[in-house]
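Inspection log for the structure reproduced underneath, given as structure tokens.
4 protein chains.
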Amino acid sequence: MKEIKQIKIKKGMKINELIKEFKETGVGAKKLGEAADVLELMIKDKKCKKFLGIAGVLVPAGFKEIIMDLLEHINVLVITGANLTHDLINELGGKHYQGDENVDDKELNEKGLDRIYNVFLDNKSYIKLEEFFEKNFDKLKEAKNIREFLWKLGEISPKNTILRRCYEKKIPVFCPAIADSGIGLMIWGQLVKNKKINIDAFDDLREIINISWGSKKNGVIYINGGVPKNYIQQALQFSKGADYGLQITLAKIEDGGSSGAELKEGISWGKLNKNAKFVDLRCDSTIALPLIIAALKDRI
Amino acid sequence: MKEIKQIKIKKGMKINELIKEFKETGVGAKKLGEAADVLELMIKDKKCKKFLGIAGVLVPAGFKEIIMDLLEHINVLVITGANLTHDLINELGGKHYQGDENVDDKELNEKGLDRIYNVFLDNKSYIKLEEFFEKNFDKLKEAKNIREFLWKLGEISPKNTILRRCYEKKIPVFCPAIADSGIGLMIWGQLVKNKKINIDAFDDLREIINISWGSKKNGVIYINGGVPKNYIQQALQFSKGADYGLQITLAKIEDGGSSGAELKEGISWGKLNKNAKFVDLRCDSTIALPLIIAALKDRI
Amino acid sequence: MKEIKQIKIKKGMKINELIKEFKETGVGAKKLGEAADVLELMIKDKKCKKFLGIAGVLVPAGFKEIIMDLLEHINVLVITGANLTHDLINELGGKHYQGDENVDDKELNEKGLDRIYNVFLDNKSYIKLEEFFEKNFDKLKEAKNIREFLWKLGEISPKNTILRRCYEKKIPVFCPAIADSGIGLMIWGQLVKNKKINIDAFDDLREIINISWGSKKNGVIYINGGVPKNYIQQALQFSKGADYGLQITLAKIEDGGSSGAELKEGISWGKLNKNAKFVDLRCDSTIALPLIIAALKDRI
Amino acid sequence: MKEIKQIKIKKGMKINELIKEFKETGVGAKKLGEAADVLELMIKDKKCKKFLGIAGVLVPAGFKEIIMDLLEHINVLVITGANLTHDLINELGGKHYQGDENVDDKELNEKGLDRIYNVFLDNKSYIKLEEFFEKNFDKLKEAKNIREFLWKLGEISPKNTILRRCYEKKIPVFCPAIADSGIGLMIWGQLVKNKKINIDAFDDLREIINISWGSKKNGVIYINGGVPKNYIQQALQFSKGADYGLQITLAKIEDGGSSGAELKEGISWGKLNKNAKFVDLRCDSTIALPLIIAALKDRI
């Protein structure tokens with residue numbers, strides 16, 4: 015057993031220094047320290063395929079570059095349509111503002127501002143998104159499944175989008191609930207004009223399961239649960255189980271839902287290897303993830 | 015202003031009596047009392063289309079009949095594939111057991127038990143599910159979108175399933191992330207045998223938006239957030255906003271995610287009408303929802 | 015292993031019927047069902063001394079009679095000064111109102127209303143409390159420790175107060191942080207008029223430890239953590255550990271604090287017997303506790 | 015309105031740099047950025063009396079030096095007895111170890127290890143604590159109230175304890191529930207040997223209220239709610255309300271309890287000034303507080 019260290023904060027302290035100190039402490043800080051270590055191990059293991067699942071509001075809240083940083087290291091991205099939509103909105107010139115969650119939502123509605131907790135989206139941002147999909151619909155309709163659709167979309171998206179980056183780096187992007195997002199609404203906007211597109215809902219499964227199945231080792235990173243976490247878990251069920259795992263979420267264990275479920279629960283299903291190295295960090299991802307990425311930048 | 019009542023519990027008290035008393039109190043109990051009232055108003059308003067969104071573990075945890083009860087009153091169901099899968103598993107003879115969440119997951123794995131918090135699923139349950147999809151695949155492949163697929167599946171499902179009930183009552187069922195579920199895996203199991211199916215991922219959007227758009231009034235019930243909540247919210251954006259709202263969840267407000275977002279946030283987006291009657295109840299749905307249903311059975 | 019039962023809600027269902035059904039399910043509902051059973055066992059065990067710890071807002075929220083019900087069965091009460099103060103305020107004619115937590119606190123301040131989440135306290139209620147302590151101070155100052163002080167206070171309190179009931183039933187009441195409450199402020203109001211009182215801060219410890227030490231069996235009920243929970247835990251450390259335990263709280267496990275700590279953690283300390291029967295229920299106490307009390311009224 | 019900035023993590027990034035960037039984002043990270051600013055403003059305001067309230071497990075988890083850092087800037091400390099006890103234990107040679115919360119508590123009990131979430135305390139640590147109180151009891155018994163008792167205890171405590179530091183810097187320390195702690199048990203250990211001590215439970219109130227009342231401006235820092243938060247809130251009620259406020263906690267708003275109550279609720283009571291600058295940060299204090307302290311070290 016190792017004694018708890020009473021850590022000292024120093025002037026000019028770097029993030030990586032503090033994260034290393036955290037590993038010597040207890041409660042959540044210790045887990046944050048261990049989380050950086052697990053992610054470092056996972057990334058440095060070249061035999062390991064890394065699956066990144068992103069839900070929540072990282073993009074509208076200002077943390078898109080964190081995802082871009084992770085794209086340098088991961089092999090598969092599963093992400094919510096909302097994050098992809100807000101990313102496109104930003105890069106097409108739409109606006110997200112800092113706001114206050116204790117505001118009168120009726121007033122916001124009159125001002126044309128859509129609230130996401132303490133982030134306000136200018137409703138006019140959707141105009142450029144509509145124009146973009148109107149103009150590019152014909153290219154998108156060649157896609158046959160959601161992963162292809164997202165690569166097509168990436169190919170024509172502005173340079174600094176997540177989807178463009180994935181397309182360029184040939185990182186498969188999955189988004190099973192794509193219809194449940196602004197992108198879905200944009201496609202709907204074309205469908206009601208009698209345009210046609212046929213994107214298969216199930217076909218992607220072959221691809222993601224093939225990746226997990228075919229790799230020697232797998233690693234999983236689940237940010238904020240949701241469909242991305244569950245979809246990766248499901249794909250892992252056919253492997254020997256993930257060898258590395260990192261979860262960051264505020265979802266609760268006790269409602270039994272997949273979003274808050276402990277990583278170790280996955281051992282019973284075979285989604286997590288019984289000898290896996292993993293950390294389950296219950297923290298706001300907008301705080302914890304930038305810290306971990308900063309630590310990794312100094313280590314890798 | 016109304017004084018807080020110091021309520022008394024009586025011997026032999028009925029649930030509806032207590033829920034009425036709760037309305038005279040404070041904190042969460044008051045909200046539970048109001049929740050029953052809002053649901054009663056919503057259900058009794060014949061001009062109102064009711065959208066029910068179900069995520070979480072109601073079915074594996076033993077609360078499928080609660081959903082069946084709600085199907086008597088609602089017009090649209092949006093539900094996770096997991097709930098539909100566990101329902102099919104049960105009605106095909108699979109088994110869910112009571113368990114303890116503080117168990118060794120490695121031992122469970124060796125015993126072939128999959129853990130969902132304190133519920134254990136017998137892994138062998140999947141065999142019957144596979145046989146069922148193997149046998150019935152040809153009927154399913156006629157479907158063109160997810161809603162059609164789910165009605166086809168309902169048509170051939172055992173009598174007491176949610177999907178069969180929806181099919182019989184002609185309640186549209188939506189499940190945007192259907193691939194992210196056991197049902198998705200069953201279809202994958204057929205795809206790898208080179209069978210073909212083509213279910214469109216976006217097509218359903220027209221139907222759900224048409225319902226919300228075309229109705230005089232709308233009511234929403236969100237149980238445990240997730241894709242079902244967000245998908246209904248999205249459809250409502252094109253209406254005048256919901257006139258009634260009930261949310262029950264343990265998801266947190268402060269991570270900014272859709273699952274935990276306050277109902278009133280929807281006013282800024284136009285998803286909720288500014289004059290709507292609504293209640294935001296932060297409680298375990300396996301506790302709160304049966305209570306509300308019991309109260310309603312005595313009122314309607 | 016026992017199969018999960020898919021329970022059915024019946025018209026006119028009694029609370030006890032539902033709570034029994036809950037025991038056959040999963041997730042939180044199952045725990046609520048087990049909680050009623052553990053409390054029933056604890057109460058029926060005549061050799062067992064029962065310690066009840068109450069924090070949170072049961073009294074201002076309208077659930078004082080629930081505490082009165084429990085006083086019929088328990089042997090020791092540890093409670094926050096806030097609950098005692100609000101109880102006195104009510105019985106002296108002060109007023110708590112139903113409110114809305116999404117209100118402008120500045121307006122409330124101008125109206126003389128003090129907010130406790132969605133409960134508003136009329137600030138004028140303190141006037142009667144001050145008169146009461148002004149008039150009765152001489153009787154209180156005879157007390158030597160906090161338990162004596164609270165019995166003295168109970169002796170002169172209005173008939174339907176928790177303290178009066180405890181005094182009449184000779185139930186020892188402990189409140190280590192008594193100075194941290196409206197009652198504390200009332201005493202302070204006398205001290206600044208140069209009146210004298212000398213209540214010992216440590217003396218009670220002998221009494222509560224003697225009770226736990228001297229009894230054959232102990233049972234603990236922790237509602238909302240806080241000092242009451244920790245003070246009972248501490249007293250139990252010198253016994254063989256509690257034989258029955260029930261905890262109801264929304265406090266979180268992962269910050270490591272005593273309020274949210276799992277009951278089973280107490281086994282390591284010897285505060286809980288390793289063979290104890292116990293249930294750890296993560297639920298709003300204003301919802302869960304009335305349900306459990308209703309179930310018990312039908313069983314005992 | 016200010017646009018959300020998409021922040022970039024740089025190699026070798028300092029904590030203060032990231033915290034400044036956080037202020038340009040949304041959700042919890044933004045609040046963390048603002049929290050550092052509010053604390054900076056509060057500390058730099060020389061007319062302002064600063065009240066620090068500490069509950070939870072900062073000391074056993076390895077964050078005692080963070081408290082020491084804050085003692086350089088604050089005027090009043092209200093703290094739980096548990097933190098003071100674990101600090102004394104450490105400085106007298108007792109041991110806290112890093113552990114795993116998913117451990118068998120029965121095994122820990124047999125090994126003489128007491129679990130605090132993922133921190134294990136060596137039970138033998140109490141021996142030195144007992145010897146210390148046995149040896150020094152006579153000095154302690156001269157104290158008349160809890161604040162005096164804690165200064166006496168500080169005077170004789172090892173050099174690097176919180177209490178010794180407060181004694182040397184003449185920072186008043188309050189701990190209304192002192193009996194509810196290991197220190198309480200140590201005093202009980204003397205009382206059962208028929209030694210005498212008489213520490214008044216209410217007398218401190220005059221002192222803390224005098225400080226808040228007499229100062230031009232007040233600032234409050236609440237870490238993990240509990241009695242420390244409520245006791246400061248109560249003292250502030252007689253001032254014009256705090257001018258600066260910072261709260262860091264994982265306690266929940268919706269149970270209505272004081273620990274999780276929003277700072278702004280205090281405006282209704284007059285505990286917070288309606289023009290106050292304040293931040294309500296819902297985060298694990300073992301993660302958020304070290305970050306804020308690091309930022310401040312670079313700013314002050």
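Protein chains in written order, with our numbering: chain A, 15 to 314; chain B, 15 to 314; chain C, 15 to 314; chain D, 15 to 314.
For every residue, glycine included, the Cβ atom is placed at its ideal position computed from N, Cα and C.
Computed from a prediction, not measured in an experiment: that's the story for all the values here.
- In this structure, D:T94 is the residue among D:T94, D:D136, D:Q20, D:T263 with its C-alpha nearest to the C-alpha of V241 of chain C.
- Boundaries of the alpha helix (DSSP H) around A308 of chain C: 299-313.
- Against H110 of chain B, the close residues of chain C are E17, I18, G40, in the order they occur along the chain (beta-carbon pairs closer than 8 Å).
- For the region 21-64 of chain C, the continuous alpha helix (DSSP H) assignments of 4+ residues that do not extend past its boundaries occur at 29-36, 41-58, in sequence order.
- The C-beta distance from I33 of chain C to L46 of chain C rounds to 7 Å, short enough to meet the 8 Å contact threshold.
- Annotation: G67 of chain A to A302 of chain A spans about 15 Å, alpha carbon to alpha carbon.
- Nearest to K58 of chain B by alpha-carbon distance, out of B:E86, B:M82, B:G70, is B:E86.
- In the DSSP assignment, N289 of chain C falls within the beta strand (DSSP E) that extends over 286-295.
- The three-state secondary structure of H110 of chain C, taken from DSSP, is strand.
- Taken in chain order, the whole alpha helix (DSSP H) runs of length 4 or more contained in the region 166-219 of chain B are 176-183, 196-205.
- Under DSSP, L260 of chain D takes part in a beta bridge, and its partners are D:I235, D:V293.
- Within chain B, the C-beta atoms nearer than 7 Å to that of D312 of chain C come from K25, G26, in chain order.
- In terms of Cα proximity to K64 of chain A, the closest of A:G255, A:F77, A:V90, A:I211 is A:V90.
- Taking a 10 Å sphere around the C-beta of R179 of chain D, we find 16 or more other C-beta atoms and assign the residue as buried.
- Pairwise C-beta distances place the region 164-171 of chain C out of contact with the region 218-231 of chain C, as fewer than three of them are shorter than 8 Å.
- Ranking D:N150, D:I211, D:E124, D:K149 by CA distance to the CA of K138 of chain D puts D:E124 first.
- Residue contact with chain A for A215 of chain D: absent (no Cβ-Cβ distance below 8 Å to any residue of chain A).
- Judged by DSSP in its simplified three-state form, I68 of chain A adopts strand.
- Fewer than three pairs of CB atoms, one per stretch, sit closer than 8 Å, so the region 117-134 of chain D makes no contact with the region 184-200 of chain D.
- Secondary structure note for F147 of chain C: its alpha helix (DSSP H) is the uninterrupted segment 139-154.
- According to DSSP, R161 of chain B shares a beta bridge with no other residue.
- Exclusion of the five residues before and after I246 of chain D leaves F65, G67, V92, V234 as the residues of its chain whose Cβ lies within less than 6 Å of its Cβ.
- If you draw a straight line from the Cα of D119 of chain A to the Cα of W202 of chain A, it comes to about 27 Å.
- Listed along chain B are E268, each with a C-beta nearer than 7 Å to that of R296 of chain D.
- Of all residues in the region 115-138 of chain A, only N116, I130, Y131, N132, V133, F134 come within less than 8 Å of chain D when Cβ atoms are compared, listed by chain position.
- Secondary structure at L122 of chain C: helix, using DSSP grouped into helix, strand and coil.
- Secondary structure note for I93 of chain D: its beta strand (DSSP E) is the uninterrupted segment 90-93.
- Straight-line spacing of the CA atoms in G126 of chain B and A49 of chain A works out to 30 Å.
- At the C-beta level, D298 of chain B and G42 of chain C come within 8 Å of one another.
- When secondary structure is reduced to three states using DSSP, L250 of chain B falls in the helix class.
- Classified as buried, W165 of chain A has 16 or more neighbouring CB atoms from the shown chains inside 10 Å of its CB.
- With contacts defined by Cβ atoms closer than 8 Å, F163 of chain D and A157 of chain D form a contacting pair.
- Approximately 5 Å separates the beta-carbon atoms of L250 of chain B and S226 of chain B; this is inside 8 Å, confirming the contact.
- Going by DSSP, D83 of chain D is part of the alpha helix (DSSP H) stretching over 78-85.
- The C-beta of A157 of chain D comes no closer than 8 Å to any C-beta of chain C.
- With contacts defined by Cβ atoms closer than 8 Å, I197 of chain B and I160 of chain B do not form a contacting pair.
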